[in-house]
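*Asks:* I have a structure here, written as structure tokens, and I will follow up with some questions on it.
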Amino acid sequence: MSNLGGAIGNRYQLALNETDSLPYWAFFIDKSNTTPVRDQFFEFVAPPNPYYPDGFRFTKHVVGVPGDVVTVKGREFFVNGRSVGIAKPTDKAGHPAAMSQPGTIPPGHYFMVTPSTDSLDSRYAMIGLINTSRLVGRAYPVM
Numbered sequence: 000m001s002n003l004g005g006a007i008g009n010r011y012q013l014a015l016n017e018t019d020s021l022p023y024w025a026f027f028i029d030k031s032n033t034t035p036v037r038d039q040f041f042e043f044v045a046p047p048n049p050y051y052p053d054g055f056r057f058t059k060h061v062v063g064v065p066g067d068v069v070t071v072k073g074r075e076f077f078v079n080g081r082s083v084g085i086a087k088p089t090d091k092a093g094h095p096a097a098m099s100q101p102g103t104i105p106p107g108h109y110f111m112v113t114p115s116t117d118s119l120d121s122r123y124a125m126i127g128l129i130n131t132s133r134l135v136g137r138a139y140p141v142m
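Taking numbering that gives the first Met the number 0, I'd label the letters of the sequence shown as residues 0 to 142.
Spelled out as structure tokens, the structure:
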């Protein structure tokens, strides 16, 4: 049993969502699956930002993969013409929230968001496109 436990512990983790950004509050993270596919959930280490400590992990929805085209109309983001969310002009404290730039997603990068208007995700420059080096694994919602 300890070998199985080690294998499970090395491959899988349980992650809890502490915000209302997603409709799920618990995920199993498969750390052996580090190649995102559109419409999957993925966990990644957030880039340094003023809101979360270094090393903080986010679970988001993969909506853009390498080769996809991100466009912006006003503050609304589109991936290959499909609306994926609207960026707020300010954060909760009223500070300006710089938006990510439109363009073609390069190899090794992903555009990840949640449906929440308060989600800190790829719509904002401080998070931007997620590099494969930040990926932890595929996230499977369990609750």
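Backbone N, C-alpha and C define an ideal beta-carbon position, used for all residues, glycine too.
Out of Asp90, Thr58 and Tyr109, which has the shortest C-alpha to C-alpha gap to phenylalanine 26?
*Replies:* Thr58
*Asks:* Please return the same chain residues whose Cβ sits closer than 6 angstroms to the Cβ of methionine 0, not counting the five positions on each side in sequence.
*Replies:* Below a pLDDT of 50, predicted positions are generally treated as unreliable, and methionine 0, at 35, falls in that range; no measurement from the model is reported.
*Asks:* Distance, Cα to Cα, valine 62 vs glycine 8?
*Replies:* 28 angstroms
*Asks:* Give every residue of the same chain whose Cβ lies closer than 8 angstroms to the Cβ of serine 31, excluding the five residues on either side of it in the sequence, and list them in chain order.
*Replies:* Arg10 and Gly136
*Asks:* Alpha carbon to alpha carbon, how far is serine 118 from leucine 21? Give it in angstroms, no decimals.
*Replies:* 9 angstroms
*Asks:* Enumerate in chain order the residues of its own chain whose CB-to-CB distance from methionine 142 is below 8 angstroms, with the five nearest sequence positions on each side excluded.
*Replies:* Tyr23, Trp24 and Ala25
*Asks:* Are the Cβ atoms of alanine 92 and alanine 124 separated by less than 9 angstroms?
*Replies:* no
*Asks:* Take alanine 138 as the anchor and find which of Thr33, Glu17 and Asp19 has the nearest alpha-carbon.
*Replies:* Thr33
*Asks:* In angstroms, rounded to a whole number, what distance separates the CA positions of isoleucine 28 and phenylalanine 40?
*Replies:* 9 angstroms
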